[in-house]
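**Q**
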Amino acid sequence: MLRLLCLLALGVLGSLRCFAQDKPYLPYYSRDTTQLYQLAVAQRNAVKAYFVVPKTGSGDYRDHYRRVVQEASDDVYNSIRYSALLDPVVEPFVQQVFARIVQANPQLPAGTRLVLTRNPEPNAHAVGNGTVMLNIGLLPRLENESQLAFILCHELAHVACRHMENGLQERLMALHSKELKREFRRIVNSEYNISSQVKALVLGFSLNNNYHRRQFEKQADSLGYVLLTHTRYEAPQAYRALQLLDTIDEPENPAAIPLNTYFSCTEFPKTFGAPAKPASIFTVKAAEQTVLETTDTLKSHPDCGKRMRFVQALAKGQVADGPQPASPPEYARIRDASRLEVIQGWFDYDCYDHALFDALQLLPQQPQNAYLRSVVQLSLYELRQHMQDHTYFEVVSNISTHNAPSFNALLTTLHALHLEDFKGLSTCFAQADAPAVPTNEYALAGHYAASALAAETTAPPVVALKTQYQQQYAGGRFEKLLFPVPKPAAKRR
Amino acid sequence: MLFPTITSHLLPTFYFHTFMQFTKRTVLAALLTLAAPAAFAQTKTLDGIQNMHRSALSPIYDGNEVKGYVMFAKGDKADRKNDNYLLDLYDQDLAKVSTITIQKPSGRYTLLKNTFNGSAFAFYFYNGNDKTLEIETYDTSLKKLGSKLIGELSKGDLRVLAMQAQAVDPAAGGMMLGLNLFPVPGLGFVRNGYTGGMAKGYTLAIYDNKLGMHWRITSPEDAKQYESLSLTEAADKYLLGTMLRRDGLLSRKVTSYMIVLEAKTGKKLLDLPVETSATEQLSLSSFTFDADKREFVAVGEYYKLDDKPFVNKSQGFYVKRFDEAGKPVSTKNYGWQNEVAALMPAEAKASLEDNYVNYNHAIVKGANGRMYIVAEQFKIVGNALGIAAAALNSGGNSSVSKGKVGNMFVFELDPQAKLSSVKFYPKTVTNATLPPGTGFMGAGMLGQIMKYQGDFDYQFLQKNADNSQFNVVYVNFDKEKGESAKTYVGNIGFGDNGKYVVDKIEMPSGPTFSYLYPAKPGYVMIADYYRKKSQLGMKLVKLNI
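Protein sequence lines correspond, in order, to chains A and B.
Count the first sequence with the working numbering and you get residues 17 to 509, in order.
Count the second sequence with the working numbering and you get residues 2 to 546, in order.
1. So, at 8 Å on beta carbons, what are the nonlocal neighbours of A:E495 in its own chain, with the 5 sequence-adjacent residues on each side left out?
2. If I measure Cβ to Cβ from B:N181 and keep anything under 7 Å in the same chain, skipping five residues before and after, which residues do I get?
3. If you drop the 5 nearest sequence neighbours on each side, which residues of the same chain put their C-beta closer than 8 Å to that of B:F126?
4. Should B:A206 go down as buried or exposed, given a rule of 16 or more other Cβ atoms within 10 Å for buried?
5. Check the Cβ of B:L143 against every Cβ in chain A and list those closer than 9 Å, keeping chain order.
6. Is there a Cβ of chain B sitting closer than 9 Å to that of A:S416, yes or no?
7. What is the rounded straight-line gap between the Cα of A:H463 and the Cα of A:T428?
8. Just the Cα atoms here: how many angstroms apart are B:L47 and B:L273?
9. Which of the three DSSP states, helix, strand or coil, is assigned to B:S402?
10. Where does B:Y304 fall in DSSP's three states?
11. Judging by CA-CA distance, which residue of B:Q93, B:I101, B:K428 and B:D94 is the nearest neighbour of B:Y86?
12. Under the assumption that B:K149 contacts B:Y195 (Cβ atoms under 8 Å), give the Cβ distance between them as a whole number of angstroms.
13. Between which residues of its own chain and A:W362 is the CB-CB distance below 6 Å, once the five residues before and five after are set aside?
14. What span of residues does the beta strand (DSSP E) with B:Q536 cover, start to end?
15. Pick out whichever of B:V330, B:K314 and B:A326 has its Cα sitting closest to the Cα of B:Q338.
16. Interface residues of chain B around A:F409 at Cβ under 8 Å?
17. Determine whether the Cβ of A:L498 lies closer than 9 Å to any Cβ atom of chain B.
18. What three-state label does DSSP hand B:S422 in the structure shown?
19. Chain B beta carbons: is any one of them nearer than 9 Å to that of A:H431?
20. Go through its chain and collect everything with a Cβ distance to A:N276's Cβ below 7 Å, but skip five positions before and after it.
21. With 9 Å set as the bound, which would you pick, yes or no: does the beta-carbon of B:L90 sit closer than that to a beta-carbon of chain A?
22. Which residues share a DSSP beta bridge with A:Q197?
23. Exposed or buried, which one is A:R389 when buried takes at least 16 other CB atoms within 10 Å?
24. For chain A, find out if any of its Cβ atoms is closer than 9 Å to the Cβ of B:Q93; answer yes or no.
25. Using the C-alpha atoms, what's the distance from A:A62 back to A:V307?
26. Less than 9 Å between CB atoms is the rule here; does A:H406 satisfy it with respect to chain B?
27. Can we say the stretch 133-150 of chain A touches the stretch 212-230 of chain A, given the rule of at least three CB pairs closer than 8 Å?
28. Jot down the residue ranges of each uninterrupted beta strand (DSSP E) in the stretch 320-358 of chain B, minimum 3 residues, whole runs only, in chain order.
29. Are there 16 or more other CB atoms within 10 angstroms of the CB of B:K464, so buried, or fewer, so exposed?
30. From A:L394, A:H228 and A:V85, pick the residue whose C-alpha is nearest to that of A:P70; which is it?
31. Here's a check: name, in chain order, each residue in its chain whose Cβ is nearer than 8 Å to the Cβ of A:S514, leaving out the five neighbours to either side.
32. Under three-state DSSP, which class holds A:F298?
33. Helix, strand or coil for B:I136? Go by DSSP, reduced to three states.
34. In terms of DSSP beta bridges, what is B:L414 paired with?
35. Mind checking who B:Q470 pairs with in its DSSP beta bridge?
36. How far does the beta strand (DSSP E) with A:D374 in it reach, from first residue to last?
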């Protein structure tokens, strides 16, 4: 009987775990920002305390140093205060990876710390005082924990080598050197063609800086690789991580978004093609690259190809090359959660074009994901609001050769839209799937957005949804955005 | 990065400019760096701009559509005698294309006009020190094609240039024409000029893209009347223009003629008065070619027989059609108080009865054959303070009359040139100060002075490539109070879809100046200049039309 009860209890627990695992992830949000504030203040103070203004050097040099530290500490404060992610799923995971690296490398300076941010751009950086900032945008682009570990090792290597403080001192010394001042004075006194001479001087200074920064990157890759070998993570994945970084600007899924499937229906029979962008009358070719440029000397970082070859040599050829087997389940779960955080990150930063694009890209894989459907409706709603307010230029990117073709295709469509089109887009999109019963804040906000796109905001169903949201989620994530308090009319000068 | 930071990024970073407003999106840009050159919003911010005048930036047209912008700026000194001047070129999305640096004599060197003829750009400069003109042409890859110095300017040219420099509204037309460079697709550019000390006659010369001259025509030396010719259109094989003839420079009796030239040779094919009977007194505002019907179309205003065109108050507007030989085909007249008033909405009638008269800003023909005339009301009222001061000072410098600018109209004519609708757009009445002595002038002349001074709210009209959609842009602010009193930018959209839509853009109060420029179809470009920050923010604002 006891055994039966135990089995039953285990079964219940097991099913609970299954339920917990099956419950769809929702981007993290907390009304309480106390922890963020405390963390931001602590980090700002830590940066200020770490970078002590040197007692040597000219007054200009010391003032400049002080200013850089002040600006940097403010940047760190703002980054953390407004974008640090303290969710219960992804953050503990990355902290665990970080802790394992630090534990395996006791020679690292004390006081290192990792901050995960909601920044959707795939990148990471180290701050001089030992803090490593990891953007959520990087996580979906990596295949496993070992690749993440290498990225963190690379940033920790910068910390260990004191690259930030050395770099700052070197650059400030150069900037305030007698030679540079003398050269600047000579240019100003020369009277003619000052602008082009200053430009040449700045370019030279910049090249010199970049040369040093590139040296730092090489060192960070080298030491980062060594740090990784001390951990339980797979060192060959360092090479693959760099390989992934090499193509990080390309979208994960290059397929075009099936706009006709989502946004064309009987009520709004619009055909979405890819109308050619109006051709430019200019046929100016990009400036021919000089030998310096083609050897990437102008860049602050060496090309990933070079970095990969360097790591390959370090690893004596023992590298993981090409796509890796499917991500381990735990990392796959983190990737999935991160993808949604990335979408929410784009949305929170008013990048509705990116939020819409990423949500539509993910929908074919997760057609029933209510969160993704909500983001689509919310993005359409915000885009229409901005178009109405004549601020569309702030939230829709330019079509550019730097973008993926599939993103440019969406941008072409967004640029061609008119105010009245948003109702049709929303209606068709809502038809593509039965409307979800709003069971959480995102779904309810998405539901409200769809209703407000379909009818006047004073229509009873729209008002009812607004009331429901305000009652259920007072102070919620979307309250200020969807129901802004009208500003008192400003007095004109 | 150039300046020191205390961070080290995994991937190369790129700090970029975007519009200066503090938005969350820009916070993302500033705080968090991107791995690739970003192509964010359709904006451009330029730093280090010491001063900014509207004319420093001008749109580049390819046919009807704006395809880019050129910014002309003076840079540093090149040598003892020359300065570096910069021509910064942007595409229609405000992406920087390139900069052309030219070394030209120091001092007063101005860009009169930029123009594009489909295959080459031409920049038309005036050297105020040497009193010479210069044209430079470039191909679409911005490779220089040619350069032409025009050294011997007539006194008439110089007189017109001086007036041109003072005009606030570069689109001011009528009798106040300027030196211009007119693009002719497939052939090159036509330059106009004035002969004699009193600008008695005209010259026209066409240059190919490398600035070789192909033909030149000039008014007959024995011409008895003063003649000024303005090109209006390069269509089919023709160059069309309007000619104003009068007995003397200050003569108030002006007669309008329709001129048609053969584009290839400059041969004059037609030179006809628009008045086809002795019972007409007409002015000519627009002269175009209808390629479908092979007819020329003239639109202007008509006057009482004892009144003078351009000078007195007009009675209405007319549409006349001529065949290719210049023979009249049809004439239709629409009186302000009769046919136009009959179609006017009730709310517009009050202003008509309040002595307002119309100034016709633009006349365009849609792809559907319909014609649209854009007009704005104005009237002159006595200024009590000015009258008192004038009486005390025996007519000193105080202005005794004040201009008032009223509402906007769009008159629509069907393909048979029948007036089919009158659209009325009420605006806040704004005031304008007129120069002394203008109180004695006729309404027509006053309208032109107000246009010349930039007193009207109308800014420009935009067309798409196939003439199926138009929008009229206007600004509503009191000219007496200055641009800080500006309230909004209005847009009236209309076209083949038969819909008239109005859209209003609230203007920000932060910038020192805000300038409006034409943009690609469906947009306007707003340039905000912040003097304290020495910063210029350009943005493409999508219109809800």
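Beta carbons are placed, not taken as given, at the ideal position from N, Cα and C, and that holds for glycine.
**A** So, to answer that:
1. Excluding residues within five positions, the ones whose Cβ falls inside 8 Å are Y485, Q486 and Y489.
2. For B:N181, the CB contacts under 7 Å within the same chain, skipping 5 residues up- and downstream, are K114 and N193 in chain order.
3. Excluding residues within five positions, the ones whose Cβ falls inside 8 Å are K105, Y110, T111, L112, L113, L134, E135, I136 and E137.
4. Here B:A206 is buried: its Cβ has 16 or more other Cβ atoms, across all protein chains shown, within 10 Å.
5. By Cβ distance, chain A contributes F298, T299 and V300.
6. yes
7. 26 Å
8. 50 Å
9. strand
10. coil
11. B:I101
12. Taking the Cβ atoms as the reference, B:K149 lies roughly 18 Å from B:Y195, outside the contact range of under 8 Å.
13. P136, H370 and A371
14. Q536 to K543
15. B:K314
16. F20, A42, Q43, T44, K540, L541, V542 and K543
17. no
18. strand
19. yes
20. T287 and F288
21. yes
22. According to the sequence displayed, residue 197 of chain A carries Lys and not Gln. According to DSSP, A:K197 shares a beta bridge with no other residue.
23. buried
24. yes
25. Low local confidence applies: a pLDDT of 48 at A:V307 is under 50, so the model's placement there is unreliable, and no value is given.
26. Yes, contact with chain B.
27. no
28. If we require 3 residues or more, the beta strand (DSSP E) runs fully inside the stretch 320-358 of chain B come out as 329-336.
29. With 16 or more other Cβ atoms within 10 Å, it is buried.
30. A:V85
31. Outside the displayed range of chain A (17 to 509) lies residue 514 of chain A, so it cannot be described from this structure.
32. coil
33. strand
34. B:M372 and B:L420
35. B:G496
36. Here A:D374 belongs to no beta strand (DSSP E); instead the alpha helix (DSSP H) covers Y368 to L378.
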